[in-house]
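A.B. asks:
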Amino acid sequence: MCTGFAARDSKTPLGAFSFNRRDPGPSDVLIEIQYCGVCHSDLHTVRNEWGGALYPCVPGHEIVGRVTAVGDDVKKFRVGDIAAVGCLVDSCRSCENCREGLEQYCEKGATGTYNGKDRVSGGHTFGGYSSHVVVTEDFVLRAPQNLDPAGVAPLLCAGITTWSPLRHWGAGPGKTVGVVGLGGLGHMAVKFAHALGARVVLFTTSPSKVADGKRLGADEVVLSTDSTAMAAWRSKLDLIIDAVAAPHDVNVYLGMLRRDGTLVQVGAPDAPLPVNVFSLLPNRRRFAGSIIGGIAETQEMLDFCGEHGVTADIEMIAMDQIENAYARMLKSDVKYRFVIDMKTLPGAA
Numbered sequence: 006m007c008t009g010f011a012a013r014d015s016k017t018p019l020g021a022f023s024f025n026r027r028d029p030g031p032s033d034v035l036i037e038i039q040y041c042g043v044c045h046s047d048l049h050t051v052r053n054e055w056g057g058a059l060y061p062c063v064p065g066h067e068i069v070g071r072v073t074a075v076g077d078d079v080k081k082f083r084v085g086d087i088a089a090v091g092c093l094v095d096s097c098r099s100c101e102n103c104r105e106g107l108e109q110y111c112e113k114g115a116t117g118t119y120n121g122k123d124r125v126s127g128g129h130t131f132g133g134y135s136s137h138v139v140v141t142e143d144f145v146l147r148a149p150q151n152l153d154p155a156g157v158a159p160l161l162c163a164g165i166t167t168w169s170p171l172r173h174w175g176a177g178p179g180k181t182v183g184v185v186g187l188g189g190l191g192h193m194a195v196k197f198a199h200a201l202g203a204r205v206v207l208f209t210t211s212p213s214k215v216a217d218g219k220r221l222g223a224d225e226v227v228l229s230t231d232s233t234a235m236a237a238w239r240s241k242l243d244l245i246i247d248a249v250a251a252p253h254d255v256n257v258y259l260g261m262l263r264r265d266g267t268l269v270q271v272g273a274p275d276a277p278l279p280v281n282v283f284s285l286l287p288n289r290r291r292f293a294g295s296i297i298g299g300i301a302e303t304q305e306m307l308d309f310c311g312e313h314g315v316t317a318d319i320e321m322i323a324m325d326q327i328e329n330a331y332a333r334m335l336k337s338d339v340k341y342r343f344v345i346d347m348k349t350l351p352g353a354a
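If you read the sequence shown in the working numbering, its first letter stands for residue 6, the second for the next number, and so on.
1. Quick check on the DSSP output: the alpha helix (DSSP H) that includes residue 292 runs from which residue to which?
2. Can the beta-carbon of residue 63 be found closer than 8 Å to that of residue 22?
3. Applying the 10 Å Cβ sphere with the 16-neighbour rule, what's the burial state of residue 170?
4. With 16 other CB atoms within 10 Å as the buried threshold, where does residue 57 fall?
5. My output table needs one value for residue 143: the three-state DSSP class, helix, strand or coil.
6. Could you check how far apart the C-beta atoms of residue 188 and residue 248 are, in whole angstroms? I think they sit under 8 Å.
7. Name the two residues that bound the continuous alpha helix (DSSP H) containing residue 195.
8. With DSSP run on the structure shown, which of helix, strand or coil describes residue 89?
9. Could you check if residue 67 is buried or exposed, using at least 16 other CB atoms within 10 Å of its CB as the buried criterion?
10. Please state whether the Cβ-Cβ distance between residue 87 and residue 29 is less than 8 Å.
11. Ends of the beta strand (DSSP E) at residue 261?
12. From residue 327 to residue 19, what does the alpha carbon distance come to, in whole angstroms?
13. Could you pull out every residue in the same chain whose Cβ sits closer than 6 Å to the Cβ of residue 10, ignoring the five residues on either side in sequence?
14. Use the C-beta contact count for residue 3: other C-beta atoms within 10 angstroms, 16 or more gives buried, fewer gives exposed.
15. Look at the Cβ atom of residue 93, then the Cβ atom of residue 108, and state whether they are nearer than 8 Å.
16. Decide yes or no for the touch test of the stretch 304-323 against the stretch 336-343: beta carbon pairs closer than 8 Å, at least 3 of them.
17. Let's test the definition: count the other Cβ atoms within 10 Å of the Cβ of residue 231 and tell me whether it reaches 16, buried, or not, exposed.
18. So residue 180 and residue 203 are in contact, right, with Cβ under 8 Å, and what is the actual spacing, rounded?
19. With which residues is residue 74 paired in a DSSP beta bridge?
20. Is residue 246 closer than 8 Å to residue 349 when the C-beta atoms are compared?
21. What is the residue span of the alpha helix (DSSP H) that residue 428 lies within?
22. Say whether the stretch 265-279 touches the stretch 249-256, bearing in mind that this needs 3 or more beta-carbon pairs closer than 8 Å, one atom from each stretch.
23. For residue 146, I'd like the list of residues in its chain whose CB is within less than 8 Å of its CB, leaving aside the five on either flank, ordered along the chain.
24. Can you tell me whether residue 326 is helix, strand or coil according to DSSP?
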């Protein structure tokens with residue numbers, strides 16, 4: 006029996022919930038969950054703001070824990086290892102995207118760690134707000150053994166969501182990268198772009214975040230409310246990671262791209278972002294999107310973090326503080342990611 010915290014519907018606060026996990030099969034890894042990050046997607050899903058929520062819903066896809074059992078065919082993990090699980094626990098594994106290691110774009114639909122169709126049981130998946138999880142070896146990741154596991158947890162979503170576009174569009178020495186918004190995603194984008202060797206320019210609406218942005222690795226911080234400071238960056242950026250999940254004027258930032266520059270939207274506003282075609286036509290600019298990363302790329306990111314000492318800035322909470330954490334997330338009142346200490350889960354040993 007697995008203990009967890011679940012939403013029974015879109016209106017009721019999360020509460021204790023017991024359910025069955027499958028027994029580990031030959032290729033499965035059983036992980037006792039120690040820490041689980043809190044993602045804005047968790048809130049969107051439990052409140053059915055994106056539609057398609059499956060109840061009861063056990064959220065959580067930023068999972069770090071200790072391996073407690075492995076199937077006979079498992080090669081990469083042993084009992085006692087610190088392992089991680091991100092946003093995906095399965096995919097078709099046969100389509101072109103899966104064969105290229107891009108399981109997040111599985112043509113038949115990847116299986117989300119929660120609220121997804123379970124390819125094994127036929128039911129729906131339950132996530133990391135729980136005591137343990139069983140995942141096929143191919144979708145389990147090696148967590149850096151030298152890093153704080155609580156700070157590693159948000160890397161499984163906030164980290165890979167920003168790492169993937171930075172790598173795909175070539176952030177590194179000689180490139181100037183803009184980051185829009187300093188929240189859960191934005192603070193990881195700043196850390197990664199800096200660690201990759203790029204010049205980093207942070208754009209924020211909050212004067213209180215100027216010093217923090219520089220502490221995290223930004224070379225310059227620009228207040229987006231200062232029109233003169235904003236105009237000074239026109240046509241000067243190679244790449245922009247836009248992590249803002251609220252309505253905003255994306256055309257201002259498109260105008261900051263050099264020729265052949267790219268703005269990648271990773272924040273997900275709940276309303277369309279109007280794009281003026283004349284923000285794109287000059288300088289052959291691109292407006293792109295990106296979502297998480299495949300398993301190999303996520304492992305690459307975790308290995309990089311281990312080598313460079315990169316973790317998320319977190320605030321630890323107890324399981325029964327989740328509703329308060331959600332309320333604070335809506336007000337951007339966290340620096341910069343909540344992580345649940347799963348020892349506080351009701352019924353946990």
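All C-beta atoms in this analysis are idealised placements derived from N, C-alpha and C, irrespective of residue type, glycine included.
C.D. replies: Taking the definition as stated:
1. Premise fails: residue 292 lies in the beta strand (DSSP E), 291-294, not in any alpha helix (DSSP H).
2. In contact: residue 63 and residue 22 (Cβ atoms closer than 8 Å).
3. buried
4. Of the other Cβ atoms in all chains shown, fewer than 16 fall within 10 Å of the Cβ of residue 57; this residue is therefore exposed.
5. Of the three classes helix, strand and coil, the one that applies to residue 143 here is helix, per DSSP.
6. 6 Å
7. 189-200
8. strand
9. buried
10. The Cβ atoms of residue 87 and residue 29 lie no closer than 8 Å to each other.
11. Taken as a continuous stretch (DSSP letters only), residue 261 belongs to no beta strand (DSSP E), as it is neither H nor E.
12. 8 Å
13. 19, 134, 324
14. There is no way to answer for residue 3, as the model of the chain reaches only from 6 to 354.
15. yes
16. Under the Cβ criterion (8 Å, minimum of three pairs), the stretch 304-323 counts as touching the stretch 336-343.
17. exposed
18. 5 Å
19. 35
20. no
21. The first residue shown for the chain is 6 and the last is 354, placing residue 428 beyond what the model contains.
22. Flag = yes, the stretch 265-279 and the stretch 249-256 touch.
23. 88, 89, 90, 91, 161, 300, 303, 304, 307
24. helix
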